[in-house]
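Sequential numbering from 26 applies to the sequence shown in my numbering.
C-beta: ideal position from N, C-alpha, C; glycine also.
Keep in mind that this is a model prediction, so the values were computed, not measured.
Scroll down for the structure; my scribbles are underneath it.
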Amino acid sequence: MDSVRSPEWPAAPLGGVAANSAAARYGMSPGTGPIVGRAGPPPTAPQAAPPPYRPSSGTGSVSPPAGKPAAPPIPVKILVAGGFGVGKTTTVGAISEIAPLTTEAEMTTAGIGVDDPGARSTKTTTTVAMDFGCVTIDRSLKLYLFGTPGQTRFGFMWDDLARGALGALVVVDSARLDDCFPAIDFFERAGLPFVVGVNAFDGRLALELGEIRWALAIGDHVPLVQFDARDRLSVRDALLVVLDRALDRATRDRRA
């Protein structure tokens, strides 16, 4: 596939709104927010707040010197996580350059009252292990995508799937925000960089992005983006934000 670059968001003026805030990036007002939401991030030991996220402004991959073979692309493991029926399998399948590996099983009457995909969903299958796909970003980078199962009873698998990952895309259904709280709590506790991607079912959101950020109680250092899990280019843009976030964290850790 062709090489792509992340969007270069402008830096915030001195004393202005943070460049990575939802209001600055997407031109919407924060709003007062809905009544529902997490009380706040899980308690952790006191520490300095991470700096606001700002995407890198790299100039793309560098061609190898003449006469030398090109090095194989660097593998980067990315998780696609979230609640049950929010679009994780669709996200992986939309972007993968190979036939995605899925572990879908038919939902049965035994799952009634346990697996609830929501009133609007026509979902008849469920992921019982993981999804897997991959996509080449450019000659130097290749993303390996691992979709997590959304049901609580498969939560024990998340630690193994997260091992070696550099970042995560937490897929959210704006009409069922409570389903994504466990995923956000998991990555906050694990200290893994993540991006919240709000899946626009039917092309619209039940809440504004500012209201969603407030309800999820996530800081400005966590990017919040809107995307369509069915659209390849939209998924690509969301994953590039995850990659920027992971590279930003890796750069800061190396300088520390």
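With respect to the beta strand (DSSP E) encompassing residue 222, which residues constitute its N-terminal and C-terminal limits? Segment 219 to 224, the beta strand (DSSP E) holding residue 222.
What number of angstroms, rounded off, separates the C-alpha of residue 254 from the C-alpha of residue 115? 6 Å
Considering only residues of the same chain and omitting the five flanking positions on each side of residue 218, which have a CB-CB separation below 6 Å? 192, 270, 271 and 274
Just the C-alpha distance for residue 166 and residue 158, rounded to the nearest angstrom, thanks. 15 Å
For residue 195 and residue 107, which I take to be in contact (beta-carbon distance under 8 Å), what is that distance rounded to the nearest angstrom? 5 Å
Which residues DSSP lists as bridging residue 159, in chain order: 169
Excluding sequence positions up to five away, which residues of its chain have a Cβ less than 8 Å from the Cβ of residue 205? Cβ neighbours of residue 205 beyond the five flanking positions: 107, 108, 111, 195, 196, 197, 198, 221 and 241.
Does at least one heavy atom of the ligand FAD sit under 8 Å from the Cβ of residue 102? Annotation note on the ligand FAD: not contained in the displayed structure, which lists no ligands.
When we look at the beta-carbon of residue 100 and count the other beta-carbons within 10 Å, is it buried (16 or more) or exposed? exposed
Which one of 120, 203 and 184 has the shortest CA to CA distance from residue 170? 120
Would you mind sorting residue 188 into buried or exposed? The rule is 16 or more other CB atoms within 10 Å of its CB. exposed
For residue 299: DSSP bridge partner residues: Within the shown structure, residues of the chain are numbered from 26 to 281, placing residue 299 beyond reach of any answer.
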